[in-house]
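Going down the list, the protein sequences come from chains W and G.
With my numbering, the residue at position 229 of the first sequence is 229, and numbering never jumps.
With my numbering, the residue at position 27 of the second sequence is 380, and numbering never jumps.
Think of the CB as a built atom: it goes at the ideal place given N, C-alpha and C, for glycine as much as any other residue.
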Amino acid sequence: MAKKLMKGCEAIAEAAIQAGCRFFFGYPITPQNDIPEYMSARMPKIGGCFLQAESEVAAINMVYGAAAAGARVMTSSSSPGVSLKQEGISYIAGAELPCVVCNMMRGGPGLGSIQPSQGDYFQATKGGGHGDYHLIVLAPSSVQEAVDLMHNAFDLADIYRTPVMLLADGIIGQMMEPVEFHEHEQKELPAKTWAVTGWKGDRPRSIVNSLYIEVDELQEMNDRLQARYKEIQEKEVMVEQYKTEGAEVIVCAYGTVARICKSAIALCEAKGVKVGLVRPITIWPFPEKELRAVMAQPSVKREITVEISAGQMHEDVRLAINGMKPVDFYGKPGSYTPTAEEIADYILKTREA
Amino acid sequence: MTTVFKKTPVLTDTIMHYCPGCGHGIVHRLVAEVIEELGIQDRTIAFVPVGCAVFGYKYFAVDCVEAAHGRAPAAATGTKRVNPNNIVFTYQGDGDLASIGAAEIVHAAHRGEKITTIFINNAIYGMTGGQMAPTTLVGQKTTTSPYGRDPEHCGKPLRVAEMIATIEGAAYVERVAVDCTPNIIKAKAAIKKAFQCQIDGKGFSLVEVLSSCPTNWGKSPAEAMDWIKSDMIPYYPLGVKKDRTNE
Numbered sequence: 001m002a003k004k005l006m007k008g009c010e011a012i013a014e015a016a017i018q019a020g021c022r023f024f025f026g027y028p029i030t031p032q033n034d035i036p037e038y039m040s041a042r043m044p045k046i047g048g049c050f051l052q053a054e055s056e057v058a059a060i061n062m063v064y065g066a067a068a069a070g071a072r073v074m075t076s077s078s079s080p081g082v083s084l085k086q087e088g089i090s091y092i093a094g095a096e097l098p099c100v101v102c103n104m105m106r107g108g109p110g111l112g113s114i115q116p117s118q119g120d121y122f123q124a125t126k127g128g129g130h131g132d133y134h135l136i137v138l139a140p141s142s143v144q145e146a147v148d149l150m151h152n153a154f155d156l157a158d159i160y161r162t163p164v165m166l167l168a169d170g171i172i173g174q175m176m177e178p179v180e181f182h183e184h185e186q187k188e189l190p191a192k193t194w195a196v197t198g199w200k201g202d203r204p205r206s207i208v209n210s211l212y213i214e215v216d217e218l219q220e221m222n223d224r225l226q227a228r229y230k231e232i233q234e235k236e237v238m239v240e241q242y243k244t245e246g247a248e249v250i251v252c253a254y255g256t257v258a259r260i261c262k263s264a265i266a267l268c269e270a271k272g273v274k275v276g277l278v279r280p281i282t283i284w285p286f287p288e289k290e291l292r293a294v295m296a297q298p299s300v301k302r303e304i305t306v307e308i309s310a311g312q313m314h315e316d317v318r319l320a321i322n323g324m325k326p327v328d329f330y331g332k333p334g335s336y337t338p339t340a341e342e343i344a345d346y347i348l349k350t351r352e353a
Numbered sequence: 354m355t356t357v358f359k360k361t362p363v364l365t366d367t368i369m370h371y372c373p374g375c376g377h378g379i380v381h382r383l384v385a386e387v388i389e390e391l392g393i394q395d396r397t398i399a400f401v402p403v404g405c406a407v408f409g410y411k412y413f414a415v416d417c418v419e420a421a422h423g424r425a426p427a428a429a430t431g432t433k434r435v436n437p438n439n440i441v442f443t444y445q446g447d448g449d450l451a452s453i454g455a456a457e458i459v460h461a462a463h464r465g466e467k468i469t470t471i472f473i474n475n476a477i478y479g480m481t482g483g484q485m486a487p488t489t490l491v492g493q494k495t496t497t498s499p500y501g502r503d504p505e506h507c508g509k510p511l512r513v514a515e516m517i518a519t520i521e522g523a524a525y526v527e528r529v530a531v532d533c534t535p536n537i538i539k540a541k542a543a544i545k546k547a548f549q550c551q552i553d554g555k556g557f558s559l560v561e562v563l564s565s566c567p568t569n570w571g572k573s574p575a576e577a578m579d580w581i582k583s584d585m586i587p588y589y590p591l592g593v594k595k596d597r598t599n600e
């Protein structure tokens, strides 16, 4: 298929449709409005359903109901809206339902800004709502990658019966880039025997529920979830390693910031300093082993994490490296996107320190 | 031998956890009997709330979804949109529907969502131990209105059926009570009409049921039934609030 110039949000919406998503429930919030707008135009033409909910809370609960019925369903929002959805996401995780949630991150806390940010890393990777649960969190660094990851997102949700989050910064959503929609192999997915479709007596009644009032039953549910998370950590890590071999400094960054870091790496290279990049594509599960292996190389002297946050992913980086070598952080909370020059200056300065 | 009564197969054999004299058991039976009589057991999906009816999925012999507090109408919307042939109903109490879920019920009605809501109004939060609800009567003592509900402080009770009836998308709205046999018979007819409204694709339907909570009202079961008649019905008049099922 030929390449097409598309805005990130619209490309993500189209990719979701091509991945088989036929139900979308959402609420307007900048900078992701192009997703529901695109869905509202396309869904009626392909036998799907777009519904604008009365609130973020209602939208995620509509997702809960549609997922319970066995549909491929998604919602999208941006930071303050995703905060509102957390109750529903926790229920979806507890009821073991598959769905996709897209968060086009903007600055925070509170109403923050409508500029890009990476301030929702903690919320996305540590569960976000109440209880012990995780989402699989995919973090694209280009519009093309966002498109490609949408297929993974729906498949992973179905395989592990878990909500999957596509976590992008506002730049990915608003930027136009050439994209190609590839044919994706149809994976063999587990049958949704648990869905509520009407009980005809030919199977046990389907009950979609996250209430386990007895301590041992709740324990069993949690053990099941934790075992699933362990399997996900073992099987589903995605990470890009860029010029890490023989590097002196390793930069760790995700999303758009990782692309800016690649430009910074070129600037450092021009000054004769070898810098590599470890870019988590899944930020949960976090590529701990991969990062540790890179850091263990004798050439590597230190690590620098770069984020548009006060250093949220940096905490996972520190846990992974666990004191093996020095680590540093560059970035600001809010919405300030650093330039390649600023990052390169920081790398070179820190290296000499 | 002639069978004069048989428990509907739409109720499971699980022993209900409701208190003696609670109206939930009556309403569960009415809903289940209606589902049986309409022949829709094999395509009905029940959405149960957070509140006393939280274990409804153990009692209704249909596919069930346990919804978050107040969110049943939104969750039911998701399921109905996926499978419009399913008969989807929510069963919600007054804390769930009239307080934390006020937005969800209003907008399900506003969209004319083709679902049915059975709304239990017992003027109190039951499951959490008897706190004040939006439907608690003026002067009524609860654990969070220990001196009686003061309208100057927290307003007067919300009349949900009348409010929903003003919404264009609502096709059928009726308030009934389960305080005595004649009213229980009328309640069943209303519930049946509400489900029929959905089967016929007419729009959103809601039946508000005035029901008893002897435990949290501090009354005997018999006193509780009397209180529905003496105190609740005068403030919450029974009857059809909206009916465009013949349109």
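Candidates the options, of which the one nearest residue i by Cα
| i | options | result |
| --- | --- | --- |
| residue 357(W) | 290(W), 83(W), 155(W), 330(W) | Lying before the first or after the last residue shown, residue 357(W) is absent from chain W, which here runs from 1 to 353. |
| residue 338(G) | 408(G), 403(G), 452(G), 419(G) | Missing from the structure shown is residue 338(G); chain G here goes from 354 to 600 and no further. |
| residue 587(G) | 525(G), 506(G), 491(G) | 491(G) |
| residue 149(W) | 326(W), 201(W), 15(W) | 15(W) |
| residue 522(G) | 504(G), 597(G), 506(G), 511(G) | 597(G) |
| residue 528(G) | 419(G), 591(G), 567(G) | 591(G) |
| residue 313(W) | 111(W), 293(W), 117(W) | 117(W) |
| residue 264(W) | 344(W), 179(W), 71(W), 45(W) | 344(W) |
| residue 37(W) | 311(W), 26(W), 20(W) | 26(W) |
7 angstroms Cβ cut-off: residues of chain G touching residue i
| i | result |
| --- | --- |
| residue 337(W) | Near residue 337(W) there are no residues of chain G at all, since even the closest Cβ is about 36 angstroms away, more than 7 angstroms. |
| residue 91(W) | 421 |
| residue 87(W) | 421 |
Within chain W, partners of residue i - CB distance below 7 angstroms
| i | result |
| --- | --- |
| residue 410(G) | 207, 209 |
| residue 602(G) | Missing from the structure shown is residue 602(G); chain G here goes from 354 to 600 and no further. |
| residue 457(G) | 58 |
Three-state class that DSSP yields for residue i in the structure shown
| i | result |
| --- | --- |
| residue 69(W) | coil |
| residue 220(W) | helix |
| residue 97(W) | coil |
| residue 205(W) | coil |
| residue 550(G) | helix |
| residue 440(G) | strand |
| residue 420(G) | coil |
| residue 652(G) | Missing from the structure shown is residue 652(G); chain G here goes from 354 to 600 and no further. |
| residue 166(W) | strand |
| residue 354(W) | The question about residue 354(W) has no answer here: the residues shown for chain W are numbered 1 through 353. |
| residue 4(W) | strand |
| residue 49(W) | strand |
| residue 580(G) | helix |
Under 8 angstroms from the C-beta of residue i: neighbouring residues of chain W
| i | result |
| --- | --- |
| residue 417(G) | 196, 205, 206, 207, 208, 209 |
| residue 407(G) | 211 |
CB of residue i within 9 angstroms of CB of residue j, strictly
| i | j | result |
| --- | --- | --- |
| residue 74(W) | residue 154(W) | yes |
| residue 125(W) | residue 232(W) | no |
| residue 29(W) | residue 9(W) | no |
| residue 285(W) | residue 303(W) | no |
| residue 340(W) | residue 260(W) | yes |
| residue 514(G) | residue 585(G) | no |
| residue 403(G) | residue 418(G) | no |
| residue 469(G) | residue 394(G) | no |
| residue 258(W) | residue 287(W) | no |
| residue 53(W) | residue 97(W) | no |
| residue 414(G) | residue 471(G) | no |
| residue 115(W) | residue 76(W) | no |
| residue 446(G) | residue 406(G) | yes |
Partners in chain G for residue i, counting only beta-carbon separations shorter than 8 angstroms
| i | result |
| --- | --- |
| residue 189(W) | Ordered by position in chain G, no residue passes the 8 angstroms Cβ test against residue 189(W), which lies about 17 angstroms from the chain. |
| residue 23(W) | 431, 434, 435 |
Within chain G, the residues that residue i reaches when beta carbons sit closer than 9 angstroms
| i | result |
| --- | --- |
| residue 51(W) | 430, 431, 434, 464 |
Contact set between residue i and chain W, taken where Cβ atoms lie within less than 9 angstroms
| i | result |
| --- | --- |
| residue 513(G) | Going along chain W, no residue has its Cβ under 9 angstroms from residue 513(G), so there is no contact; the nearest lies around 17 angstroms. |
Indicate whether the contact test is met: 3 or more Cβ pairs, each with one atom in the segment 59-68 of chain W and one in the segment 427-437 of chain G, closer than 8 angstroms. yes
Contact between the segment 548-559 of chain G and the segment 487-500 of chain G: three or more CB pairs below 8 angstroms? no
Does the pairing of the segment 320-336 of chain W with the segment 271-283 of chain W give three or more beta-carbon distances under 8 angstroms? Verdict: no, contact absent.
Is there contact between the segment 437-445 of chain G and the segment 225-237 of chain W, where contact requires at least three CB pairs shorter than 8 angstroms? no
Three or more C-beta pairs closer than 8 angstroms, one from the segment 382-399 of chain G and one from the segment 355-365 of chain G: is that the case here? In short, these stretches touch, since the Cβ pair count reaches three.
Short of 9 angstroms Cβ to Cβ, which residues in the segment 53-73 of chain W face chain A? Included in the structure are the protein chains W and G, with no chain A among them.
On the three-pair Cβ rule with 8 angstroms, is the segment 489-509 of chain G touching the segment 449-465 of chain G? Verdict: no, contact absent.
Can at least three beta-carbon pairs, one atom from the segment 337-352 of chain W and one from the segment 267-276 of chain W, be found at a separation below 8 angstroms? yes
Count the CB pairs spanning the segment 156-174 of chain W and the segment 122-141 of chain W that are closer than 8 angstroms, and state whether there are at least three. yes
Closer than 8 angstroms is the cut-off here; do at least three beta carbon pairs connect the segment 303-319 of chain W with the segment 74-83 of chain W? no
Is it true that the segment 471-482 of chain G meets the segment 532-542 of chain G, where meeting means three or more beta-carbon pairs spaced less than 8 angstroms apart? Using a C-beta cut-off of 8 angstroms, the segment 471-482 of chain G makes no contact with the segment 532-542 of chain G, since fewer than three inter-stretch Cβ pairs fall below that distance.
Are at least three pairs of beta-carbons, each pair with one atom in the segment 41-52 of chain W and one in the segment 205-219 of chain W, less than 8 angstroms apart? no
Determine, using beta-carbon pairs with one atom in the segment 369-379 of chain G and one in the segment 562-574 of chain G, whether at least three such pairs fall under 8 angstroms. yes
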